[in-house]
Amino acid sequence: MRTVFALVFALAAAVASHPGSTQERASASTPSADLPLNLIKLPPGFTIDVYASGVTNARELALGQKGTVFVGSRNKPDGDKVYALVDKNGDQKADQVLVIAKGLNQPNGVAVHNGSLYVGEISRITRFDNIESRLESPGEPVVVNDALPKDEHHGQKFIAFGPDGLLYVPVGAPCNICDKEKDDPRYASILRMKPDGSGVEVFAHGVRNTVGFDWHPATREMWFTDNGRDNLGDDVPRDELNTASKKGLHFGYPFCHQGDVSDPEFGKARPCSGFQAPARPLDAHVAAIGMRFYTGKMFPAEYRNQIIIAEHGSWNRAVPQGYRLSLVKLDGNKVVSYTRFAEGWLRGMKPAAAGGGAMIGDVWGRPADVLVMPDGALLVSDDKAGVVYRISYSR
């Protein structure tokens, strides 16, 4: 009898450890007593609440056709899961937080296309078909493409389908600063491919590490964030907001940063004048990642078709900055302003040591991505607090 029980438990453990083969339920309770949401500063009329908790390492967000919110994750050792958030009763809070896949290799990226959930891991793209009808038992995923570079440095994927029906997948530079594109043109690029993984081509070159992009609702042109290199100082280079009007543009890395800063190591080879300049340099080292055009109708009209960026926050700047949402306003295709929309995830700034110098602060949250919901509210993932927020507006 003990042998039988041992075999049963061994089989159960094997099934549980296999990606996509079993589900877990995380707590969907709202940790309002634990998270100081009162510190978040928003424009008048806006409110922030917790949409779902228990979403460890919450990163990219994607919306299913039936209203399911899918969430990727990244950081080791817990960043091996993909979550599904379900609001069954329509009260704008997730009633269920399901782990629909685990044991994956940093599945940061999620995208929904024709009822299927696409997941971007370090070196491969997989697909769960008919996902919203199978949340309790998604089964094994279909491998779409498993031939991407395996580098973990900047290897996490943000994925999305463009208006052309193609899947866009970035491949970051596997370093702080290097010229790997000459060895493999996929490095420091944004790729695109057909939904079945075929027809892979480089759409944009010279992109150090984009972890967020979207398409302008009117022009259909791609806009994306890009993280600047480190170790040139606290204020140089700045992160970038770029726009790609066509295939084949080069955005400067590793030769030029923020449009006008020549790299001290690689800049002599190619001048900044030969590259596509940013639509707007952002603040330095804020780690601008997830971004979306606001296409809802809940927020005031001045927010319509404007860009909201999740600035994850600096990690090695003497005075930390970021840890906020920023708003970029456009006039047509031209950036006219870059301001803060929501901040307060960084508090209590003080010198790191006696005598001043570097500063430290209490970082209790780090926005990672944003998503416009059908009712016009904005969801925000937070990979440090392990929650997804909902920002709403009431006149």
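Positions in the sequence shown are counted from 1; adding 700 to them yields the working numbering.
For each residue, glycine too, the CB sits at the ideal point set by N, CA and C.
For a test of the three-state rule: what should DSSP assign to residue i, helix, strand or coil?
{"i": "N738", "result": "helix"}
{"i": "C972", "result": "helix"}
{"i": "I859", "result": "coil"}
{"i": "A801", "result": "strand"}
{"i": "Y994", "result": "coil"}
{"i": "A784", "result": "strand"}
{"i": "A984", "result": "strand"}
{"i": "A1097", "result": "The structure shown does not extend to residue 1097, since the chain is modelled only from 701 to 1095, so the question has no answer here."}
{"i": "E1011", "result": "strand"}
{"i": "A847", "result": "coil"}
{"i": "G1048", "result": "strand"}
{"i": "A706", "result": "Because the pLDDT at A706 is just 39, under 50, the model does not fix this residue reliably, and the value given afterwards should be weighed accordingly. Note: A706 maps to helix in three-state DSSP."}
{"i": "E760", "result": "coil"}
{"i": "A1001", "result": "helix"}
{"i": "G779", "result": "coil"}
{"i": "G897", "result": "coil"}
{"i": "G967", "result": "helix"}
{"i": "S1081", "result": "strand"}
{"i": "G928", "result": "coil"}
{"i": "E1043", "result": "strand"}
{"i": "H950", "result": "strand"}
{"i": "P719", "result": "Only weak support is given to the placement of P719: the predicted model assigns it a pLDDT of 46, under 50, and the question is left unresolved by the model."}
Please work out which residues of its chain come closer than 7 Å, Cβ to Cβ, to residue i, disregarding the five sequence neighbours upstream and downstream, and give them in chain order.
{"i": "P838", "result": "G720, I800, A801, F828 and I831"}
{"i": "A969", "result": "F955"}
{"i": "V871", "result": "L848, P849, R886, Y887, S889 and L891"}
{"i": "R938", "result": "G928, Q958, P981, L982, D983 and A984"}
{"i": "Y1038", "result": "R980, L982, S1026 and V1028"}
Distance, Cα to Cα, residue i vs residue j?
{"i": "V934", "j": "T910", "result": "Going by the sequence as given, residue 934 is Asp instead of Val. Distance between the alpha carbons of D934 and T910 is about 20 Å."}
{"i": "K997", "j": "R1040", "result": "20 Å"}
{"i": "N808", "j": "D749", "result": "23 Å"}
{"i": "G948", "j": "A904", "result": "5 Å"}
{"i": "V1080", "j": "A752", "result": "10 Å"}
{"i": "P978", "j": "D914", "result": "15 Å"}
{"i": "Y1003", "j": "P744", "result": "13 Å"}
{"i": "S825", "j": "V936", "result": "For the sequence presented, residue 825 should be read as Ile rather than Ser. I825 and V936: Cα-Cα distance of roughly 34 Å."}
{"i": "V1036", "j": "D983", "result": "15 Å"}
{"i": "G803", "j": "R1095", "result": "44 Å"}
{"i": "H916", "j": "F924", "result": "10 Å"}
{"i": "K1034", "j": "N942", "result": "11 Å"}
{"i": "P736", "j": "D963", "result": "41 Å"}
{"i": "T919", "j": "R759", "result": "27 Å"}
{"i": "L763", "j": "V771", "result": "9 Å"}
{"i": "A784", "j": "P1067", "result": "19 Å"}
{"i": "R702", "j": "L835", "result": "Since pLDDT at R702 reaches only 37, below the 50 mark, its modelled position is unreliable, and no value is offered."}
{"i": "A873", "j": "V843", "result": "24 Å"}
{"i": "F1136", "j": "H813", "result": "A query on residue 1136 cannot be resolved here, the shown segment of the chain reaching from 701 to 1095 and no further."}
{"i": "G820", "j": "L1071", "result": "17 Å"}
{"i": "K940", "j": "V961", "result": "This sequence places Glu at residue 940; Lys is not what is there. Approximately 12 Å between the Cα atoms of the pair."}
{"i": "P895", "j": "A1018", "result": "43 Å"}
{"i": "L866", "j": "G897", "result": "9 Å"}
Start and end of the beta strand (DSSP E) containing residue i?
{"i": "Y751", "result": "F746 to S753"}
{"i": "R938", "result": "R938 to A944"}
{"i": "H905", "result": "E901 to H905"}
{"i": "F913", "result": "F913 to W915"}
{"i": "D864", "result": "First-last for D864: undefined, no H or E at that position."}
{"i": "S1092", "result": "V1087 to Y1093"}
{"i": "F770", "result": "V769 to V771"}
{"i": "L1071", "result": "P1067 to V1072"}
Going by DSSP, which residues form a beta bridge with residue i?
{"i": "P870", "result": "I890"}
{"i": "I831", "result": "Note: I831 sits in no beta bridge, so no partner."}
{"i": "H957", "result": "V961"}
{"i": "A811", "result": "Y818"}
{"i": "D1031", "result": "K1034"}
{"i": "W923", "result": "D914 and T943"}
{"i": "Y1023", "result": "Note: Y1023 sits in no beta bridge, so no partner."}
{"i": "I877", "result": "Its beta-bridge partners do not exist; DSSP assigns none."}
{"i": "Q796", "result": "V786"}
{"i": "I989", "result": "According to DSSP, which records beta bridges pairwise, I989 is partnered with nothing at all."}
{"i": "D1062", "result": "R1047"}
Return the chain-ordered list of same chain residues with a C-beta closer than 8 Å to the C-beta of residue i, the five sequence neighbours on each side being excluded.
{"i": "Q1006", "result": "F993, Y994, L1027, V1028, K1029 and L1030"}
{"i": "Y868", "result": "I859, A860, F861, G862, I890, L891, R892, F903, F913 and M922"}
{"i": "D795", "result": "A728, V786, D787, K788 and N789"}
{"i": "E901", "result": "L891, R892, M893 and K947"}
{"i": "G1086", "result": "S753, G754, V755, T756, N757 and A758"}
If you drop the 5 nearest sequence neighbours on each side, which residues of the same chain put their C-beta closer than 6 Å to that of residue i?
{"i": "G779", "result": "N757, S773 and Q806"}
{"i": "K781", "result": "S773, V799 and K802"}
{"i": "E1011", "result": "V986, A988, G1022, R1024 and S1026"}
{"i": "V1088", "result": "Y751, A752, V755, A758, L1079 and S1081"}
{"i": "G1044", "result": "L739, I740 and K741"}
{"i": "G855", "result": "I822"}
{"i": "A811", "result": "A762, Y818, I859, A860 and F861"}
{"i": "G1076", "result": "G996, K997 and M998"}
What I want to know is whether the C-beta of residue i ends up closer than 8 Å to one or more non-hydrogen atoms of the ligand GTP.
{"i": "D960", "result": "Although the ligand GTP was asked about, the structure shown includes no ligands whatsoever."}
Under 9 Å, Cβ to Cβ, is there at least one residue of chain C near residue i?
{"i": "T1039", "result": "Looking at the structure shown, chain C is missing, and only one protein chain is on hand."}
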